[in-house]
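Numbering (the working numbering), first residue to last: 2 to 633.
Here a beta-carbon is modelled for each residue, glycine too, at the ideal position from N, C-alpha and C.
Note that the structure is predicted; figures quoted are calculated from it, not measured.
Structure first, commentary second.
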Ligand code: ACM
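And the structure:
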């Protein structure tokens, strides 16, 4: 008996280490019970008649029939069904509105939940137990269609599990937005924050303000590094961009709803408003015909010195009554379109350069007894809050809305680190955490020597450390967290995918899984399995976690020293200084190396055993010297 127990224990340890089970986000509780469920030749799914489940069911059918080629039947009452989706008539107190139980035995898979959302998430987990080919776009070859037997109880840690998608800096079509929603829902995100307006484009049709999309949705196509582009000349066509009609918006909302994703619309005011001002120049503190054009990625704000000095006024004027009439029209239509409780009103990075010079602003300050420009913005936010609330919605804004006094009832999205979130939560306001430090997925995820250049970095392991509840804060004010994909440097959908995955896996786990369940090495093992699933689905992702981390310094003799590290376990690094291409027969990195005096380039590649796994990186030694000097 003792021997039997020991064998069993060793077996289960072996199973955990070598398990094929790789669920993201990590479920609250999962036990492997041994054995497998083999998909039968005809797959019968039993499901209740429920409008909210319609899509879940057709999605599951579509996956099975596309990839396995097996016949798939649905039956409301099929005792012998291999897959059963069951809504509980007596609510289960543990799993809440989004949780589920999944039981996979040799006889089949049973998913139970209180609500349709839970069934949808249970289906995602079930699919992740099946071979990667289930993600494919066509019938797979000779596949052993089976899932390991497991018992799962799972539910989210937070109700707000978001991704923000900026469709202003570059426009993404409604089908691209749908494909973004498709993918995020598979990883149990339930909120798309749709950044619909900015300096470079107004993307939502407002029927009472037609110029917003006639004028505001179009700029000049430029390619290279956004923010450094040449100023558009009058002969360059303003035909780049696009917008969503209200019918498009309704279609995307309905599509998201079927996947249990809410949409938070953002209209970013009073800063980031050049597209609006170009459409209606009278909204500016400094109006002027033909003065304003929708931004095309040419610089107009000086960001150095931690301040914002604007050379062109991209703000709505808080001292101009027309602005509040304009916003009333905008939010009337936005509120009527979007069923979600909140409207995001931006509030970030408002350059006040031109407010300082405005007589109207001076008069407003006198009249309202406002002492600073932050108080002027706060006055604006409080009036916007009234408008938004009058439409039956709640207001959320970036953490700048705290400056000059937070409007009562406003929720705060903390992006400049955790500080704003902590401050707002202490004032008993609702908070969503999205700090640059952990969830800015527009940042580079590896070295600038290989990644498309952005001004900051966020590696996967840092993203994995995201903890939405800051220390010393009452967790009840933290609604959840989200990662933000700004798209200044994202020109197309393949690159949007590259920037999002795998870092959004890390965010998914931070907002869904139990805090104690997070484990970096275990996570990266699962990420690798999901890379294979993405390959099958032909979705793009960044392999940056396989690339080494470079640091450099000078020794006492002024010689350049290079230290390499790997982000994940089990990789070897090979390198050359002689310009040839390293492979595993080249020097293997074991400790800090001194660059040969006359060398100009270090080339580096990572391997796992005999297989190259990282990308070949060319690191100019001038760059290593520059970084070593900057560190001194
Ligand atoms: C922001 O990143 N400007 C909110």
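- Output yes or no for whether 8 Å exceeds the beta carbon distance between residue 40 and residue 85. In the chain shown, counting from the first residue as 1, residue 40 sits at position 39. In the chain shown, counting from the first residue as 1, residue 85 sits at position 84. Not closer than 8 Å, so no.
- Give the range of the alpha helix (DSSP H) segment to which residue 606 is assigned. In the chain shown, counting from the first residue as 1, residue 606 sits at position 605. Run containing residue 606: none in the alpha helix (DSSP H); it sits in the beta strand (DSSP E), 602–609.
- Query: Which ranges does the beta strand (DSSP E) cover as unbroken runs of at least 3 residues, wholly within the segment 412–478, from first to last along the chain?
  - Reply: Whole beta strand (DSSP E) segments, 3+ residues: 412–415 and 432–434.
- C-alpha gap between residue 279 and residue 250, whole angstroms: On the chain shown, position 278 is the one that residue 279 refers to. On the chain shown, position 249 is the one that residue 250 refers to. Residue 279 and residue 250: Cα-Cα distance of roughly 23 Å.
- Message: I want to check one thing, is the minimum distance from the CB of residue 146 to the heavy atoms of the ligand ACM below 7 Å?
- Response: Your numbering for residue 146 matches position 145 in the chain shown. With a threshold of 7 Å, the Cβ atom of residue 146 does not count as near the ligand ACM, since no heavy atom of the ligand is closer than that.
- Check: residue 1 C-beta below 7 Å from any heavy atom of the ligand ACM: The displayed coordinates of the chain run from 2 to 633. Any statement about residue 1 would go beyond what the structure contains.
- Any idea if residue 439 is buried or exposed, counting beta-carbon neighbours within 10 angstroms, 16 or more meaning buried? Indexing the chain shown from 1 puts residue 439 at position 438. Buried, by the Cβ-count rule.
- Message: Whole angstroms are fine: how far does the CA of residue 354 sit from the CA of residue 654?
- Response: For the chain, the structure presents residues 2 to 633; residue 654 sits outside this window and is missing.
- Message: Considering only DSSP beta bridges, list what residue 345 is partnered with.
- Response: Within the chain shown, the letter at position 344 stands for residue 345. DSSP lists 267 and 397 as partners of residue 345.
- Are residue 350 and residue 273 close, meaning C-beta to C-beta below 8 Å? In the chain shown, residue 350 corresponds to position 349, counting from 1. In the chain shown, residue 273 corresponds to position 272, counting from 1. Contact flag set, yes.
- Task: Assign residue 436 to buried or exposed, taking buried as 16 or more other Cβ atoms, counted over all protein chains shown, within 10 Å of its Cβ.
- Result: Taking the chain shown and counting its residues from 1, the one referred to as residue 436 is at position 435. Buried: at least 16 other Cβ atoms inside 10 Å.
- Determine the closest residue to residue 49 out of 31, 30 and 82, with distance taken between C-alpha atoms. Looking up residue 49 in the chain shown gives position 48. When 31, 30 and 82 are compared, the shortest CA-CA separation from residue 49 is found for 82.
- Query: With a Cβ-Cβ cutoff of 8 Å, do residue 276 and residue 202 count as a contact?
  - Reply: Sequence index remark: in the chain shown, residue 276 carries index 275 (1-based). Sequence index remark: in the chain shown, residue 202 carries index 201 (1-based). It is a contact, given that the beta carbons lie within the stated cut-off.
- Query: Going by the CB atoms, is the gap between residue 221 and residue 169 shorter than 8 Å?
  - Reply: Looking up residue 169 in the chain shown gives position 168. Looking up residue 221 in the chain shown gives position 220. No. Outside cutoff.
- Host beta strand (DSSP E) of residue 74 (start-end): Against the chain shown, residue 74 aligns to sequence position 73. Note, residue 74: beta strand (DSSP E), 72–76.
- Can you give me the Cβ contacts of residue 10 inside the same chain, cut-off strictly under 6 Å, excluding the 5 residues immediately before and after it? Within the chain shown, the letter at position 9 stands for residue 10. Residue confidence for residue 10 is low, a pLDDT of 39 falling below 50, so the modelled location carries little weight; the figure read from the coordinates is stated next. Contacts found: none.
- Item | Rounded straight-line distance, which links the Cα of residue 604 to that of residue 626 | The sequence position of residue 626 within the chain shown is 625, counting from 1. The sequence position of residue 604 within the chain shown is 603, counting from 1. It is roughly 15 Å from the alpha-carbon of residue 626 to the alpha-carbon of residue 604.
- the segment 182–202 / the segment 158–174 touching (three or more Cβ pairs under 8 Å): Flag = yes, the segment 182–202 and the segment 158–174 touch.
- Taking DSSP as the reference, what is the three-state secondary structure of residue 221? As a first step, residue 221 must be located in the chain shown, where it is residue number 220. Here residue 221 sits in coil by DSSP.
- Is residue 506 helix, strand or coil by DSSP? The residue given as residue 506 occupies position 505 in the chain shown. Residue 506: helix per DSSP, three-state reduction.
- Item | Assigned exposure category for residue 257 - 16 Cβ within 10 Å defines buried | Residue 257 sits at position 256 when you count from the first residue of the chain shown. With 16 or more other Cβ atoms within 10 Å, it is buried.
- Do the segment 373–380 and the segment 399–410 touch if we need at least three Cβ pairs shorter than 8 Å? Contact between the segment 373–380 and the segment 399–410 is present, because at least three Cβ pairs lie under 8 Å.
- Classification of residue 445 by the beta-carbon crowding that lies within 10 angstroms, buried from 16 upward: For the purposes of this step, residue 445 is taken as residue 444 along the chain shown, with counting starting at 1. Buried is the call here.
- Task: Check whether the Cβ atoms of residue 121 and residue 341 sit closer than 8 Å, and answer yes or no.
- Result: Stepping through the chain shown from its first residue, residue 121 is reached at position 120. Stepping through the chain shown from its first residue, residue 341 is reached at position 340. Between residue 121 and residue 341, the C-beta gap is not smaller than 8 Å, which leaves the two residues out of contact.
- Query: Taking the DSSP output, what are the residues bridged to residue 620?
  - Reply: Position 619 of the chain shown, counted from the start, is the residue given in the question as residue 620. Note: residue 620 sits in a beta bridge opposite 603.
- Query: For residue 140, which residues of its own chain have a beta-carbon under 8 Å away from its beta-carbon, when the five flanking residues on both sides are left out?
  - Reply: What you label residue 140 is simply residue 139 of the chain shown in a count that begins at 1. Cβ within range, chain order: 67, 68, 69 and 70.
- Query: Which one of 549, 591, 343 and 616 has the shortest CA to CA distance from residue 582?
  - Reply: Here residue 582 is taken as the residue at index 581 of the chain shown, counted from 1. Comparing C-alpha distances from residue 582 to each of 549, 591, 343 and 616 shows the shortest one belongs to 616.
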